[in-house]
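Notes follow once the structure below has been shown.
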Amino acid sequence: MRLGAVADDVTGACDLAGRVAEAGLPATVLLGTPSEAPEAFPADGAGCAVVALKIRTAPVAEAVAAATDAARLLHAAGATQLYQKYCSTFDSTARGNIGPVADALAGVAAADGTAVTVGTPATPGSGRTQYQGNLFVDGVPLAESPMRDHPLTPMRDSDLVRLLRPQTGRPVGLVRWQDVQRGSDAIAAAVGDGHTLVDALTEADLDAIARAMLQLADERPVVAGGGAGVATALARAAADTSAVAPASALPTVPVTGRLILAGSASAATHGQIGAFPGERLVLDPVELAAGPSALDRLRDALAARTDRLAPILIHASPDVAAAQGELGAERAATLLENALSALAAFAVHELGVSHLLVAGGETSGAVTAGLGIDRLRIGSQAAPGVPWAVADSAGRTVAVLLKSGNFGGPGLFADAWEVAP
0 MRLGAVADDV
10 TGACDLAGRV
20 AEAGLPATVL
30 LGTPSEAPEA
40 FPADGAGCAV
50 VALKIRTAPV
60 AEAVAAATDA
70 ARLLHAAGAT
80 QLYQKYCSTF
90 DSTARGNIGP
100 VADALAGVAA
110 ADGTAVTVGT
120 PATPGSGRTQ
130 YQGNLFVDGV
140 PLAESPMRDH
150 PLTPMRDSDL
160 VRLLRPQTGR
170 PVGLVRWQDV
180 QRGSDAIAAA
190 VGDGHTLVDA
200 LTEADLDAIA
210 RAMLQLADER
220 PVVAGGGAGV
230 ATALARAAAD
240 TSAVAPASAL
250 PTVPVTGRLI
260 LAGSASAATH
270 GQIGAFPGER
280 LVLDPVELAA
290 GPSALDRLRD
300 ALAARTDRLA
310 PILIHASPDV
320 AAAQGELGAE
330 RAATLLENAL
340 SALAAFAVHE
350 LGVSHLLVAG
360 GETSGAVTAG
370 LGIDRLRIGS
380 QAAPGVPWAV
390 ADSAGRTVAV
400 LLKSGNFGGP
410 GLFADAWEVA
420 P
């Protein structure tokens with residue numbers, strides 16, 4: 000199997016690629032859609048290519064166009080199974096973008112409208128489970144989790160069928176956990192037209208769902224979808240049944256400097272910031288809005304450090320609400336992203352920093368764009384869904400870890416370096 004995934008943000012792409020690679024499929028992440036089909040899959044075996052887009056909260060028409068282009072490119076590159084990667088907390092609104100993108104990918108898979116989409120956000124290894132159509136985050140219903148108050152996609156309902164129906168004109172069905180326990184044949188038989196969400200509580204459930212997807216794909220076009228969990232199950236199935244080219248080891252990147260950039264406002268990232276024992280600098284959006292002196296001060300502080308091998312953390316001011324109240328949420332976020340991107344480029348190209356850990360999906364997208372990175376070779380995971388990768392930035396090899404805001408334990412910022420390339 001050649002799994003071609005379209006991800007709605009860069010950290011989600013890395014999450015999927017890291018888990019799939021650990022399950023046995025060599026994985027590559029393409030940042031944005033190249034102008035022509037790349038050599039994204041191994042020539043002599045199965046593999047996974049993920050196109051990382053920035054469409055989770057983009058206007059619907061923009062998201063659909065980008066996802067369609069990415070899916071067509073993956074088909075041209077040799078993908079045999081399309082996958083829609085969205086967040087394991089189902090981040091979306093009544094307008095989208097999970098439903099509209101699923102519709103678009105189904106159209107790429109079969110222009111005659113016969114394709115179905117089948118999936119689940121469940122990723123038990125990260126505490127995401129689906130039962131009776133409801134999504135749980137570490138055992139808490141989605142609508143009662145911190146995602147309830149997400150600034151861009153507040154999740155006020157835990158019922159995924161109710162959440163998805165307003166986003167699409169196609170039918171939305173559910174395969175309940177009781178049917179999942181009856182095995183892949185029962186799951187496949189319960190899949191209807193349009194979109195089908197499937198309950199899953201365990202890795203064994205995901206394996207059964209993956210087998211059902213492969214059975215269905217022998218009968219009609221199928222777009223798989225969800226979090227990284229069922230993609231990993233598909234990778235396990237492919238590794239069992241396909242010729243898989245051995246993954247080549249990532250090159251060792253000599254350590255000449257370590258930098259952590261945290262723009263996420265998630266509870267997990269706040270815990271990691273609080274637990275980090277090293278030196279830190281704070282970015283205040285209000286100061287950034289006042290002029291270039293705040294960014295210049297941080298550049299000077301980075302340049303003045305004598306021990307660049309010890310990680311230093313640059314993070315957003317914890318008083319996010321005050322900054323958003325003064326500047327507006329969108330402007331505050333843009334100021335932070337642009338500043339962190341500029342600091343990353345300065346650190347890598349002026350100071351010779353070799354290793355970057357970036358927290359937050361929007362921040363990761365801004366940093367990789369600022370560094371001109373268009374491809375990631377995926378390596379070892381520092382935590383579930385948090386892999387290291389190696390990339391080229393204007394001729395310089397850098398090691399990067401791009402972390403979803405919600406992922407990783409409190410000690411990640413201190414411990415991740417132990418498995419870095």
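Numbers 0 to 420, taken from numbering that gives the first Met the number 0, label the letters of the sequence shown in order.
Idealized CB from N, CA, C, for every residue including glycine.
Since this is a predicted model, take the numbers as computed values, not measurements.
Could you tell me the distance, in whole angstroms, from the CA atom of residue 319 to the CA atom of residue 150?
11 Å
Quickly, what does DSSP pair residue 128 with across the bridge? List them, please.
Here residue 128 is bridged, per DSSP, to 135.
So, for residue 78: in the same chain, excluding its five sequence neighbours on each side, which residues have a beta-carbon less than 6 Å away from its beta-carbon?
1, 3
Residue 265 (DSSP reduced to helix, strand or coil)
coil
Compare the Cα-Cα distances from residue 10 to each of 115, 176, 358, 214 and report the closest residue.
358
Would the region 346 to 355 count as touching the region 246 to 266 if we require 3 or more Cβ pairs under 8 Å?
yes
Sorted by chain position, which residues of the same chain lie with C-beta nearer than 7 Å to residue 382's C-beta, five sequence neighbours on each side aside?
406, 407, 408, 411
In its own chain, which residues sit with a C-beta less than 8 Å from the C-beta of residue 369, not counting the 5 before and 5 after it?
340, 341, 343, 344
Quick check: what's the CA-CA separation for residue 182 versus residue 234?
When the Cα atoms are used, residue 182 and residue 234 turn out to be separated by approximately 18 Å.
Rounded to a whole number of angstroms, what is the C-alpha to C-alpha distance between residue 211 and residue 172?
15 Å
Which residue spans inside the region 306 to 367 form an unbroken beta strand (DSSP E) run of at least 3?
311 to 315, 354 to 358
Give every residue of the same chain whose Cβ lies closer than 7 Å to the Cβ of residue 109, excluding the five residues on either side of it in the sequence, and list them in chain order.
220
Starting from residue 84, follow its DSSP beta bridges and name the residues at the other end.
BP columns for residue 84 point to 6, 225.
Classify residue 46 as helix, strand or coil using the three-state DSSP reduction.
strand
Examine the Cβ distances between the region 297 to 309 and the region 392 to 403 and report whether three or more of them are shorter than 8 Å.
no
Could you please give the first and the last residue of the uninterrupted alpha helix (DSSP H) stretch that includes residue 431?
A query on residue 431 cannot be resolved here, the shown segment of the chain reaching from 0 to 420 and no further.
Just the C-alpha distance for residue 374 and residue 13, rounded to the nearest angstrom, thanks.
Answer to the nearest angstrom: the Cα atoms are 11 Å apart.
Short of 6 Å in beta carbon distance, which residues of its chain neighbour residue 47, apart from the five on each side in sequence? Order them along the chain.
2, 19, 24, 26
Which partner residues of residue 219 appear in the DSSP bridge assignment?
Looking at the DSSP assignment, residue 219 forms no beta bridge with any residue, so it has no partner.
Sequence-distant residues of its chain with Cβ nearer than 6 Å to residue 310 (five each side left out)
257, 259, 277
Return the Cβ separation of residue 205 and residue 232 in integer angstroms, given the expectation that the two are a contact with Cβ distance under 8 Å.
4 Å
Three-state secondary structure (DSSP) at residue 158?
Three-state DSSP puts residue 158 in a strand.
How many angstroms separate the CA atom of residue 8 from the CA atom of residue 364?
8 Å
Note down, in chain order, each residue of its chain lying with its Cβ closer than 6 Å to the Cβ of residue 80, except the 5 sequence neighbours on either side.
Take residue 80, set aside five residues on each side of it, and the residues of its chain with a beta-carbon closer than 6 Å to its own are 0, 2, in chain order.
Using the Cα positions of residue 34 and residue 267, report the straight-line distance between them to the nearest angstrom.
36 Å
Mapping DSSP to helix, strand and coil, what is residue 397?
strand
Consult DSSP for residue 231 and reduce its assignment to one of helix, strand or coil.
Three-state DSSP puts residue 231 in a helix.
Tell whether a beta-carbon distance below 9 Å holds between residue 5 and residue 119.
no
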